[in-house]
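> Just dropping this structure here.
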Amino acid sequence: MNQRAMQVALIKNLPVDLAEEVNQRVIARIKKIEREREKYPQKALEKHFGENILPILALYLVLKEDHSSPEDVLELTRKVTEEMYTIGRKRMAFIGQFPFFYRVIQKLTPQMMKSAFPKEGFDIEWLEVSKKQVVFNMHACFYLDSLTKYGVPELTPVFCGLDDLIYDGVSPHLRWQRTGTLGRGDAYCDFRFINPQEE
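The sequence shown finishes on residue 199 if you use the UniProt record's numbering, and the numbering steps up by one all the way, no holes.
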């Protein structure tokens, strides 16, 4: 994730001077973790950790140093993270305006999951890929495993929420449905992309 995006998101949630101070400390924490962390042979896992997990992990650890309330830290981390990822929803909404949007989801989701979510980090059970719906469950998650290693599994739901941010209500040609996630304490994460025209 672009550090500039985090800086902008911090400014929207904190006084400017404090936002800049926090941003600089986050950059320093990222560099420290990067020097010390395990490197993954799978390029996809490296990308997940380096671009997605690491910046938010560093932000959370920095904010924990400044706040006595764990709930406040999580809430601020969630707000900053969602602000950073609103661009993802905007891109999805642009594609989602077209009637063929569900067909794009149907075709590309299995390909994307295979290449970007390797079995070394994710355990995916495919249930259906049809003109009606794309459905799969995730029984192991690299995000939860990584954050647990750093002693902050409670941060995982922030990432779970990004799926809802990006997909929920994003298009009249797609209905997103989820009942639980590993990060929120459920037995698995469920993903269900429904074609409203086939309901």
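We put the beta carbon where it would ideally sit given N, CA and C, even for glycine. Just so we're clear, the structure is a prediction, and the values are computed from it rather than from any experiment.
Classify isoleucine 124 as buried or exposed, calling it buried when 16 or more other Cβ atoms lie within 10 Å of its own Cβ.
The residue is buried, with at least 16 neighbouring Cβ atoms inside 10 Å.
> Closest to phenylalanine 159 by CA distance: which of Leu10, Thr81, Lys12 and Ala58 is it?
If we check each option's Cα against that of phenylalanine 159, Thr81 comes out closest.
> Hey, which unbroken runs of the beta strand (DSSP E) at 3 residues or more fall wholly within the stretch 80-166?
Within the stretch 80-166, the complete beta strand (DSSP E) runs of at least 3 residues are 123-129 and 133-140.
> In angstroms with no decimal places, state the Cα-to-Cα distance between lysine 43 and leucine 18.
Cα-Cα distance, rounded: 35 Å.
> State the CB to CB distance for the pair leucine 61 and arginine 29, rounded to an integer number of angstroms; the pair is presumed to be in contact (CB under 8 Å).
Between arginine 29 and leucine 61 the Cβ distance is about 6 Å, and since that is below 8 Å, they are a contact.
> Are the stretch 123-137 and the stretch 154-174 touching, with three or more C-beta to C-beta distances below 8 Å?
At 8 Å Cβ cutoff, the stretches do not touch.
> Would you kindly report the start and end of the unbroken beta strand (DSSP E) that includes isoleucine 194?
189-194 is the span of the beta strand (DSSP E), which, as asked, contains isoleucine 194.
> Thinking leucine 57 and leucine 147 are a contact (beta carbons under 8 Å), I'd like their distance in whole angstroms, please.
Indeed, because the Cβ distance is near 7 Å, the residues count as touching under 8 Å.
> Please return the same chain residues whose Cβ sits closer than 8 Å to the Cβ of leucine 45, not counting the five positions on each side in sequence.
The answer, listed in chain order, is Pro118, Glu120, Gly121 and Phe142.
> Given that a residue counts as buried once 16 or more other Cβ atoms are within 10 Å of its Cβ, and exposed if not, what is methionine 138?
Buried, by the Cβ-count rule.
> Name the DSSP beta bridge partners of arginine 175, please?
Bridge partners of arginine 175: Ile194.
> By Cβ distance, which residues of its chain are closer than 6 Å to cysteine 189, with the 5 residues on each side in sequence left out?
These residues qualify, in order along the chain: Met138, Thr181 and Leu182.
> Determine, using beta carbons only, whether isoleucine 105 and phenylalanine 193 come nearer to each other than 7 Å.
Cβ distance < 7 Å, so isoleucine 105 and phenylalanine 193 count as in contact.
> Identify, in the order they occur along the chain, each residue of the same chain with its Cβ nearer than 8 Å to the Cβ of threonine 77, setting aside the five sequence neighbours on each side.
Counting only Cβ-Cβ distances below 8 Å, and skipping sequence neighbours, we find Ile56, Leu59, Tyr60, Leu63, Leu155 and Val158.
> Write down the C-beta distance between glutamine 133 and asparagine 195 rounded to the nearest angstrom, noting that I regard them as a contact closer than 8 Å.
With a Cβ gap of about 6 Å, glutamine 133 and asparagine 195 count as contacting.
> Between Val26, Phe136 and Gln97, which has its C-alpha nearest lysine 114's C-alpha?
That would be Phe136, whose Cα lies nearest to the Cα of lysine 114.
> To the nearest angstrom, how far is the alpha carbon of alanine 140 from that of aspartate 186?
If you take the alpha carbons of alanine 140 and aspartate 186, they lie about 11 Å apart.
> Using DSSP with H/G/I as helix, E/B as strand and the rest coil, what is arginine 37?
In the structure shown, arginine 37 sits in coil (DSSP, three-state: anything other than H, G, I, E or B).
> Could you check where the alpha helix (DSSP H) with valine 62 kicks off and where it finishes?
Valine 62 -> alpha helix (DSSP H) spans 54-66.
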